[in-house]
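This report refers to the structure that appears directly beneath it.
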Amino acid sequence: MKLATLRTSGGRTTAALATGDDTYVALPASDVGAFLGLENWRALAESAEGEALTAPDFAALLPHAGKVICCGLNYGDHIREMGRELPEYPTLFAKYADTLLGANDAVEIRGSGRVDWEAELAVVVGSELYQADVDQAREAIAGYTVANDVSMRDWQSRTLQWFQGKAWDATTPVGPVMVTPDEAGEEFQVRGYVNGELVQDGNTRTLVFSPAQLLSYISQFTVLRPGDLVLTGTPGGVGMGMNPPRFLQDGDILVTEIGGIGRLENTFRIHAPVPATA
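With our numbering applied, the sequence shown closes on residue 287, and no number is skipped along the way.
Put into structure tokens, the structure is as follows:
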């Protein structure tokens, strides 16, 4: 099944079940994260009889995610283009829920002149997980979605910690839907396009750490709960790895696509960076 968070009238949102290419039925929750918090969410979705919705306007899939945890350097080709060694453990960092936005929302950035793209598969947690093994982690996956870990490289490179270049408000598109594992499968082709040009094309079979391995590892030190989100890393082809480096410009259109899940299409509005002060 495919679940989405859709904007409705009056500035509200609703979780919704896809019933066709552009048709949905409303579910009894304001967003997908809240819906996954219901004990019987699968049964509720299978028997959904809510309002029929067409012409979907996709909001952030998980607007109130308790934890948004990302893995860097998880594809062999991306690790090589960044001049790094294969990691023994996942390289993790976090974002806040307010970094997330919808599948077709404009991305507005003020204060960075080196804005880069990172097409990613993201995993939505469906049940509480703590100190779990890999099999338990796999069972806790509610579904998969598409994300782009848009990165402000000038800020990211200021220190050894990546957080300041990754956690900008409303810069991480996620969606348009969450697809459950029974429908999505476990192997995905991840592609990114800038103004129609293919810049990233990788397959999750080359991940150093699989989605289940990541969830298991993260759960060793923090509880994962329904509606939490884990980004699994990006394949090669990011702008910073090009020679010379290439970054997004004002008006550029970034498309992120994963077969069997969906497509993000985001226009960038990039304003001149503000001089930094110490």
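Note that the Cβ used here is the ideal one computed from N, Cα and C, for glycine as well.
Since this is a predicted model, take the numbers as computed values, not measurements.
Practice item. Would you mind working out which of Phe67, Thr231, Gln222, Val155 sits nearest Tyr139, comparing C-alpha positions? Key: Position 130 of the sequence shown, counting from 1, holds the residue named residue 139. Looking from the CA of Tyr139, the closest CA among Phe67, Thr231, Gln222, Val155 belongs to Thr231.
Check your understanding: Could you give the distance in angstroms between the alpha-carbon of Asn83 and the alpha-carbon of Glu58?
Key -> In the sequence shown, residue 83 corresponds to position 74, counting from 1. In the sequence shown, residue 58 corresponds to position 49, counting from 1. Rounded to whole angstroms, the separation of the alpha carbons of Glu58 and Asn83 is 41 Å.
Practice item. Answer yes if the region 92-111 comes into contact with the region 68-80, meaning at least three C-beta pairs across the two stretches below 8 Å, and no otherwise. Key: yes
Check your understanding: Are the region 229-243 and the region 213-220 touching by the rule of at least three beta carbon pairs closer than 8 Å?
Key -> yes
Check your understanding: For Leu53, which residues of its own chain have a beta-carbon under 7 Å away from its beta-carbon, when the five flanking residues on both sides are left out?
Key -> Locating residue 53 in the sequence shown gives position 44, where the first residue counts as 1. Closer than 7 Å at Cβ, skipping near neighbours: Leu36, Pro37, Leu47.
Point to revise | Sequence-distant residues of its chain with Cβ nearer than 8 Å to Val116 (five each side left out) | key: Here residue 116 refers to the residue found at position 107 when the sequence shown is read from its first residue. Excluding residues within five positions, the ones whose Cβ falls inside 8 Å are Leu110, Val159, Ala179, Thr180, Pro182, Leu263, Asn275, Thr276, Phe277, Arg278.
Point to revise | For Gly330, three-class secondary structure by DSSP | key: No answer is possible for residue 330: it lies beyond the span of the chain, which begins at 10 and ends at 287.
**Study point:** Cβ-based burial, Gly19 [other Cβ within 10 Å; buried from 16]
**Key:** Here residue 19 refers to the residue found at position 10 when the sequence shown is read from its first residue. With fewer than 16 other Cβ atoms inside 10 Å of its own Cβ, Gly19 counts as exposed.
**Study point:** Identity of the residues DSSP links to Ser160 by a beta bridge
**Key:** The count along the sequence shown starts at 1 and reaches residue 160 at position 151. Ser160 pairs with Asp125.
**Study point:** Inter-residue Cα distance where the pair is Leu12 and Ala25
**Key:** Residue 12 sits at position 3 when you count from the first residue of the sequence shown. Residue 25 sits at position 16 when you count from the first residue of the sequence shown. Looking at the two C-alpha atoms, the distance is approximately 6 Å.
Review point. Can we say the region 89-106 touches the region 184-194, given the rule of at least three CB pairs closer than 8 Å?
Key: no
Review point. So, helix, strand or coil for His87, using DSSP?
Key: As a position in the sequence shown, residue 87 is number 78, starting the count at 1. Of the three classes helix, strand and coil, the one that applies to His87 here is helix, per DSSP.
Exercise for review: Report the partner residues of Pro182 according to the DSSP bridge assignment.
Suggested key: Taking the sequence shown and counting its residues from 1, one reaches residue 182 at position 173. According to DSSP, Pro182 bridges with Leu110.
Practice item. Leaving aside the five residues before and after Gln165 along the sequence, list all residues of the same chain whose C-beta is less than 6 Å from its C-beta, in chain order. Key: Taking the first residue of the sequence shown as 1, we reach residue 165 at position 156. Cβ within range, chain order: Trp171, Gly174.
Point to revise | Where the beta strand (DSSP E) containing Asp144 begins and where it ends | key: The sequence position of residue 144 within the sequence shown is 135, counting from 1. From DSSP, Asp144 is part of no beta strand (DSSP E) but of the alpha helix (DSSP H) over 143-148.
Exercise for review: Measuring alpha carbon to alpha carbon, tell me which of Gly248, Met161, Thr168, Pro253 ends up nearest Ala176.
Suggested key: Counting from 1 along the sequence shown, the entry for residue 176 is found at position 167. Comparing Cα positions, the closest option is Met161.
Practice item. Round the Cβ separation of Cys80 and Phe197 to the nearest angstrom and send it over; I've been treating them as touching at under 8 Å. Key: To locate residue 80, count along the sequence shown from 1; it is residue 71. To locate residue 197, count along the sequence shown from 1; it is residue 188. Rounded, the Cβ-Cβ distance is 15 Å, inconsistent with contact.
Exercise for review: Could you tell me which uninterrupted beta strand (DSSP E) segments, each at least 3 residues in length, are contained entirely in the region 191-230, listed from first to last along the chain?
Suggested key: 198-203, 206-212
Check your understanding: What are the boundary residues of the alpha helix (DSSP H) that Glu117 is part of?
Key -> As a working mapping, residue 117 is identified with position 108 in the sequence shown. From DSSP, Glu117 is part of no alpha helix (DSSP H) but of the beta strand (DSSP E) over 116-119.
Review point. Do the CB positions of Leu45 and Gly236 come within less than 9 Å of each other?
Key: As a position in the sequence shown, residue 45 is number 36, starting the count at 1. As a position in the sequence shown, residue 236 is number 227, starting the count at 1. Result yes, Cβ atoms of Leu45 and Gly236 sit closer than 9 Å.
Review point. His73 CB to nearest chain D CB: under 9 Å?
Key: Any reference to chain D falls outside this structure, which holds one protein chain only.
**Study point:** From Tyr153, Gln222, Glu192, residue whose alpha carbon lies closest to that of Leu130
**Key:** Taking the sequence shown and counting its residues from 1, one reaches residue 130 at position 121. When only C-alpha atoms are compared, the closest one is Tyr153.
Practice item. Would you identify the three-state DSSP class for Gly20, choosing helix, strand or coil? Key: In the sequence shown, the residue the question calls residue 20 occupies position 11. The answer is helix: DSSP assigns Gly20 an H, G or I state.
Point to revise | Alpha-carbon spacing of Glu137 relative to Asn252, whole angstroms | key: The count along the sequence shown starts at 1 and reaches residue 137 at position 128. The count along the sequence shown starts at 1 and reaches residue 252 at position 243. Looking at the two C-alpha atoms, the distance is approximately 44 Å.
Practice item. Output the distance between the C-alpha atoms of Gly260 and Ile270, rounded to the nearest integer angstrom. Key: Sequence index remark: in the sequence shown, residue 260 carries index 251 (1-based). Sequence index remark: in the sequence shown, residue 270 carries index 261 (1-based). Roughly 26 Å between the two C-alpha positions.
**Study point:** N-terminal and C-terminal residue of the alpha helix (DSSP H) that Phe44 is part of
**Key:** Stepping through the sequence shown from its first residue, residue 44 is reached at position 35. Per DSSP, the continuous alpha helix (DSSP H) segment holding Phe44 begins and ends at 41-45.
Check your understanding: What do you get for Tyr33, buried or exposed, if any count of 16 or more other CB atoms within 10 angstroms of its CB means buried?
Key -> As a first step, residue 33 must be located in the sequence shown, where it is residue number 24. When all chains shown are included, Tyr33 counts as buried.
Exercise for review: Let me know if Arg167 comes out buried or exposed under the rule of 16 or more other beta-carbons within 10 Å of its beta-carbon.
Suggested key: What you label residue 167 is simply residue 158 of the sequence shown in a count that begins at 1. Arg167 comes out exposed.
Check your understanding: Under a three-way DSSP split, which group does Leu169 fall into?
Key -> The residue you call residue 169 lines up with position 160 of the sequence shown. Of the three classes helix, strand and coil, the one that applies to Leu169 here is coil, per DSSP.
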